[in-house]
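Take any residue in the sequence shown, note its place counting from 1, add 8, and you have its number in our numbering.
Beta carbons: idealized from backbone N, C-alpha and C, even for Gly.
Each remark here refers to the structure printed beneath this line.
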Amino acid sequence: MSLQDAIQKGVDATTTPEMLALRFRHQLTFRLGPHTWDVRCSVRDPQRIDPKALARMGQLTNAQGIATSDLRLLTVHPDDTVPVPGATAAWDDGTLEILEWSQPSDFTGQRLGTCALRRP
């Protein structure tokens, strides 16, 4: 078995309907103008990730005037349509705004969204 086969086998194990329901347990409705996206998703606080990745995200937030503590990482269920940057949804007593999307993964095709959590 090649390395790529082993990786694909691992990806396949995490994409069963049961695992997808566990990974994407939140349902959010993003809106931008007349457009609406209903998505099953995962929202994570980046403060719990690798410090180097957090530093890279800090560069984006400094350019946009957003505190790093207000960033969230968004992953959308593979069967749902990814909302465009600028779309917003209610989240955690505030508004979650999509800033940008990563390139799609070679293995899963999924993209990681960087979002700002804006609170009143």
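Residue i: buried (16+ other C-beta within 10 angstroms of its C-beta) or exposed?
i: THR83; result: buried
i: ARG56; result: exposed
i: PRO54; result: buried
i: ALA29; result: exposed
May I ask you to list the residues that DSSP assigns as paired with residue i?
i: THR96; result: ARG39 and GLU105
i: LEU82; result: VAL51 and GLY121
i: ARG127; result: Paired residues: none, contrary to the question.
i: ASP88; result: Paired residue(s): none; ASP88 is not in a bridge.
i: THR44; result: ARG39
Under 6 Å Cβ to Cβ from residue i, same chain only, skipping five residues before and after it: list those, please.
i: GLY139; result: With the chain covering 9 to 128 only, the question about residue 139 has no answer from this structure.
i: LEU125; result: ASP78, ARG80, GLY102 and LEU104
Nearest to residue i by alpha carbon, out of the options?
i: ASP13; options: PHE115, PRO128 and PRO93; result: PHE115
i: ARG80; options: LEU28, GLY41, GLU26 and THR103; result: THR103
i: GLU26; options: ASP78, HIS85 and LEU36; result: HIS85
i: ARG4; options: GLY117, GLY66 and VAL92; result: In the structure as shown, the chain starts at 9 and stops at 128, and residue 4 therefore has no counterpart that could be examined.
i: THR44; options: PRO59, THR24, VAL90 and ASP78; result: VAL90
Counting only the same chain and skipping the five closest in sequence on each side, list residues whose C-beta sits under 7 Å from that of residue i.
i: ASP101; result: ARG127
i: GLN118; result: THR83, PRO86 and PRO112
i: ARG64; result: none
Checking 7 Å against the spacing of the C-beta atoms, do residue i and residue j come in under that value?
i: ASP88; j: VAL47; result: yes
i: SER50; j: ARG31; result: yes
i: ALA95; j: LEU36; result: no
By Cβ distance below 8 Å, which residues in the same chain neighbour residue i in space, the five residues on each side in sequence not counted?
i: CYS123; result: VAL51, LEU79, ARG80, LEU81, LEU82, LEU104, GLU105, ILE106 and LEU107
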